[in-house]
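A.B. asks: The opening position of the sequence shown corresponds to residue 3 in my numbering, with each subsequent residue numbered one higher.
Cβ atoms here follow ideal geometry from the backbone N, Cα and C, with glycine treated the same way.
Here the structure is a predicted model, which means the values were calculated and not measured.
Here's a structure for you.
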Amino acid sequence: MMEIRKDAPKIKNPNYFREYDSNSFFTWGGFVPNATQSPTQLWKFTADGDGSGFWSVEDKYSQELSSLRRSHGGAFASTPDSGFYFGGFEETKTNIDPKMPLGGYVPGYLQFNYTTPTGLPAWMNRTDTPYSPSGTLYAATAHYIPRYGSQGLIMILAGAEYNSTNQEPGNLSMEVVSFIDPVTKRWYSQKTIGEAPQPRRWACVSLDNTYDIFLFGGLTNNRVGFGDVWILSLPGFVWIKADTKQQAPRAYMSCVVAGRRQMITTGGAEPRSLQGKLMENPDTFNQGIGVLDLTNEYDSSAAAYESSKAVKSWYKEGNLASVQYDTGVEDLMSSSFSLELPGLGNGAGGDGNSTSMGDHQNSLHPAAMGGIVGGSILAAAVAGAVIFLLRGGERENASLENSLPLNLTAQS
């Protein structure tokens, strides 16, 4: 593993915007621990193709950024031409402050357009945010789905908002999901079908090369953690819970689908360990990495997995015809959009193979998720079983303790 340093202060919870047509990404915002407002800078990392790269400051946006309110812990996602950042919390605050508007939560969302011609504004601050009653958002996930609408959609899942009644964070339900067309900036909402995941913060979300969105982990207000895996299947908007016989609760991590059969999680922590000293016990995810695997071996040329029988049956039984779509959603689901994005296959984290909505192909098998294991690879007891491979050796948690996102509470 290679470390690449940059001449910048250490900050928690920044956002990241990927520039798809180059080997680079941007980062901006984050929590400033010294309680003084930080310089407004947009940093860019450019990979060199040899496992390394370099950091630079994008000075051309300095004037625009000076007028924007920096925050940390918002949800972010990238489209082919823009980065979007939703919500967040005042950059110098760790607790809800009743004296501040919305307790310190930052309403609205930002769009950063990488393709804006020189001399024109690249950053836009928008206030229409129907994903929560207060228009605020924290510890949520935003995910780009390049399959529907004119240029894909961005969906918001999980997270919390500012509850002005009790001046506490209010976790958001996933019984109704909100998403935006990044081109028209029109918001949509849709009621989901089936049992929805419990409300939570700091979960992670990834998208396979199908119409299925995977949600893993997270925590509640009292740091009770989740180790469950859920699938939100589109276009039916149906939630399906994976059959995980053993679970490893996790929060604050990132996850991504890699190849045809694995979801990799990096970073994060077991929520209960945050109640004590984090570095006293080894991380249950050795090296901070977990791999959700379909088999007991890796084969780069293996065929992609199909959806579970439960998912296939739901569509084959004609349930899609009975879905009551909210205004405008049915038209979006009928207008399939596919875009080749570097590193994402057909724009969805897979291998680039086409998918069939009718057969709902190439999804990870939710009913076969057998458990979470540590150390070396275990032989699957049943062919096709899904297991978590927690790879690597012992690790120390001192650096992790200093880098975890913040879990907001009311100011005492």
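Per DSSP, what are the beta-bridge partners of Asn165 in this structure?
C.D. replies: Taking the first residue of the sequence shown as position 1, residue 165 is located at position 163. Partner(s): Glu170.
A.B. asks: Using only alpha-carbon positions, find the residue among His145, Tyr133, Asp99, Asp50 that is nearest to Ala79.
C.D. replies: In the sequence shown, the residue the question calls residue 79 occupies position 77. The option with the nearest alpha carbon to Ala79 is His145.
A.B. asks: I need the DSSP call for Val240, collapsed to helix, strand or coil.
C.D. replies: To locate residue 240, count along the sequence shown from 1; it is residue 238. Strand.
A.B. asks: Residue range of the alpha helix (DSSP H) that Leu334 falls in?
C.D. replies: For the purposes of this step, residue 334 is taken as residue 332 along the sequence shown, with counting starting at 1. First-last of the alpha helix (DSSP H) with Leu334: 331 to 336.
A.B. asks: Flag this pair as yes or no: are the beta carbons of Tyr164 and Ser136 separated by less than 8 Å?
C.D. replies: Translated into the one-based positions of the sequence shown, residue 164 becomes position 162. Translated into the one-based positions of the sequence shown, residue 136 becomes position 134. Against a cut-off of 8 Å, the Cβ pair of Ser136 and Tyr164 comes out as a contact.
A.B. asks: What does the Cβ neighbour count give for Phe218, buried or exposed, with the cut at 16 atoms within 10 Å?
C.D. replies: The residue labelled residue 218 in the question sits at position 216 within the sequence shown. Burial call: buried.
A.B. asks: Throw me the rounded Cβ distance for the Asp214 and Ile195 pair, which I believe falls under 8 Å.
C.D. replies: Start at 1 with the first residue of the sequence shown, and residue 214 comes out as number 212. Start at 1 with the first residue of the sequence shown, and residue 195 comes out as number 193. Between Ile195 and Asp214 the Cβ distance is about 14 Å, and since that is not below 8 Å, they are no contact.
A.B. asks: Report buried or exposed for Asp285, applying the criterion of at least 16 other Cβ atoms within 10 angstroms of its Cβ.
C.D. replies: Stepping through the sequence shown from its first residue, residue 285 is reached at position 283. Buried, since its Cβ has 16 or more Cβ neighbours within 10 Å.
A.B. asks: Which residues in the same chain as Leu346 place their Cβ atom closer than 7 Å to its Cβ, once the five residues preceding and following it in sequence are excluded?
C.D. replies: Within the sequence shown, the letter at position 344 stands for residue 346. Confidence at Leu346 is low in this model, with a pLDDT of 44, below 50, so its placement is unreliable and the value that follows should be read with caution. Closer than 7 Å at the Cβ level, and outside the excluded window around Leu346, lies no residue.
A.B. asks: Determine whether the beta carbon atoms of Ser415 and Ser191 lie at a separation below 8 Å.
C.D. replies: Given a span of 3 to 414 for the chain in the structure shown, any question on residue 415 remains unanswerable.
A.B. asks: Below 8 Å, can you find three or more Cβ-Cβ pairs linking the segment 67 to 81 to the segment 45 to 58?
C.D. replies: At 8 Å Cβ cutoff, the stretches do not touch.
A.B. asks: Since Val231 is in the beta strand (DSSP E), which residue starts that stretch and which ends it?
C.D. replies: On the sequence shown, residue 231 is found 229 positions in, with the first residue counted as 1. Unbroken beta strand (DSSP E) run through Val231: 231 to 235.
A.B. asks: Mark Asp130 as exposed unless 16 or more other C-beta atoms lie within 10 angstroms of its C-beta, in which case mark it buried.
C.D. replies: Working through the sequence shown from its first residue, we reach residue 130 at position 128. Asp130 comes out exposed.
A.B. asks: Where does Lys101 land, buried or exposed, given buried means 16+ other C-beta within 10 angstroms?
C.D. replies: Here residue 101 is taken as the residue at index 99 of the sequence shown, counted from 1. Answer is exposed; the Cβ neighbour count stays below 16.
A.B. asks: In angstroms, rounded to a whole number, what distance separates the CA positions of Lys314 and Tyr327?
C.D. replies: As a position in the sequence shown, residue 314 is number 312, starting the count at 1. As a position in the sequence shown, residue 327 is number 325, starting the count at 1. Rounded to the nearest angstrom, the two C-alpha atoms are 20 Å apart.
A.B. asks: Using a 10 Å radius around the Cβ and a threshold of 16 neighbouring Cβ atoms, would you call Lys12 buried or exposed?
C.D. replies: In the sequence shown, residue 12 corresponds to position 10, counting from 1. Label assigned to Lys12: exposed.
A.B. asks: On the DSSP letters alone, give me the boundaries of the beta strand (DSSP E) that Ser84 sits inside.
C.D. replies: Here residue 84 corresponds to residue number 82 of the sequence shown, with the count starting at 1. Looking at the DSSP string, the run of the beta strand (DSSP E) that includes Ser84 is 84 to 88.
A.B. asks: For Asp361, I'd like the list of residues in its chain whose CB is within less than 6 Å of its CB, leaving aside the five on either flank, ordered along the chain.
C.D. replies: Walking along the sequence shown from the start, residue 361 turns up at place 359. Confidence at Asp361 is low in this model, with a pLDDT of 41, below 50, so the placement of that residue is unreliable and no value is reported for it.
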